[in-house]
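In the UniProt record's numbering, the protein residues as written are 1 to 226.
Glycine included, C-beta positions come from ideal geometry on N, C-alpha and C.
Everything below concerns the one structure shown next.
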Amino acid sequence: MAKIMVVDDDSNIRELVRLYLNDEGFEIVEKSNGMDALEYAENNTVDLVILDIMMPKLDGWALCKELRELGDIPILMITSKGEAQDKIKGFKLGTDDYLVKPFDPVELVLRVRALLKRYRIAASNVIKLGEIELDRKTYQVIYKDGSRVTIPMKEFELLYKLGSYTGQLFTRDHLIEQIWGMDYEGDERTVDVHIKRLRERFARFESDFKIVTIRGLGYRLEVYSH
């Protein structure tokens with residue numbers, strides 16, 4: 001059973017979310033402010049966090065940033081702020097998805113399930129992108145005919161990261177931190193260069209998957225079903 005932490009200073013919102021997610025079999029932990037939520041996450045395993053932006057002690061922006069430093073925890077923001085710049089800020093800080101109040105509880109449940117599924121795929125060692133597979137144990141690309149090809153390590157890690165979370169936006173800064181490390185002294189052009197190489201290397205598989213540029217933000221990988 002997945003454990004989900006709901007962080008909101010509005011008890012009515014917390015109750016609504018808890019009722020719907022309890023019905024789906026999830027275990028719910030409720031916190032009314034960001035500081036208590038961070039303390040809990042530091043000392044307990046949490047499978048997903050649903051958080052509000054406007055909260056006392058530690059707001060949603062700061063909490064999202066702190067949670068990202070703890071590890072890869074799925075984060076869903078629920079807020080009354082619907083402006084585009086707020087969504088962009090949320091994605092840059094590391095949120096995975098975004099719902100604006102008032103929201104449909106059924107849509108919330110669907111998004112929670114999708115996020116958990118996406119993260120479970122990412123935790124495996126083999127992911128499938130159309131007719132190719134990426135094997136993280138050997139760092140090889142496996143083609144439909146069974147042949148295996150080794151590609152440069154950073155290219156593999158970049159494609160594996162994007163392919164593990166299909167449809168999710170990654171900023172250049174986030175990708176540098178995840179793939180090259182926080183001590184990397186180069187600039188974000190490095191990501192663009194590696195993306196260009198991956199697009200050229202897998203150009204013939206464009207009908208299966210494609211790395212899409214989101215102007216001013218970063219990249220996401222889209223997989224097409226046939």
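Neighbourhood of residue i by C-beta, 7 Å cutoff - its chain only, sequence neighbours within 5 removed
i	result
residue 56	9, 33
residue 129	163, 208, 209, 223
residue 137	125
residue 219	162, 170, 195, 211, 212, 213
residue 157	179
C-beta atoms of residue i and residue j nearer than 9 Å
i	j	result
residue 172	residue 192	yes
residue 166	residue 209	yes
residue 72	residue 40	no
residue 63	residue 37	yes
residue 175	residue 91	no
residue 108	residue 50	yes
Cut-off 8 Å between Cβ atoms - residues of its own chain near residue i, not counting five sequence neighbours on either side
i	result
residue 113	24
residue 65	93, 94
Backbone CA spacing between residue i and residue j [nearest angstrom]
i	j	result
residue 187	residue 76	29 Å
residue 80	residue 142	45 Å
residue 147	residue 21	44 Å
residue 170	residue 160	13 Å
residue 179	residue 155	9 Å
residue 127	residue 87	29 Å
residue 115	residue 19	19 Å
residue 202	residue 35	45 Å
residue 97	residue 151	31 Å
residue 28	residue 117	18 Å
residue 221	residue 213	9 Å
residue 60	residue 54	6 Å
residue 183	residue 1	37 Å
residue 205	residue 43	44 Å
residue 139	residue 52	38 Å
residue 134	residue 11	44 Å
residue 106	residue 199	37 Å
residue 177	residue 153	15 Å
N- and C-terminal bounds of the alpha helix (DSSP H) containing residue i
i	result
residue 40	34 to 43
residue 137	No alpha helix (DSSP H) holds residue 137; DSSP gives it neither H nor E.
residue 192	189 to 201
residue 153	153 to 164
residue 65	60 to 70
Extent of the continuous beta strand (DSSP E) to which residue i belongs
i	result
residue 79	75 to 79
residue 221	218 to 223
residue 128	126 to 129
residue 143	Per DSSP, residue 143 belongs to no beta strand (DSSP E) and is neither H nor E.
residue 30	27 to 31
Presumed contact (8 Å Cβ cut-off) between residue i and residue j, rounded CB distance
i	j	result
residue 48	residue 4	5 Å
Own chain partners of residue i with C-beta closer than 6 Å, once the 5 adjacent residues on each side are dropped
i	result
residue 14	6, 8, 30
residue 144	131
residue 74	48, 96, 115, 119
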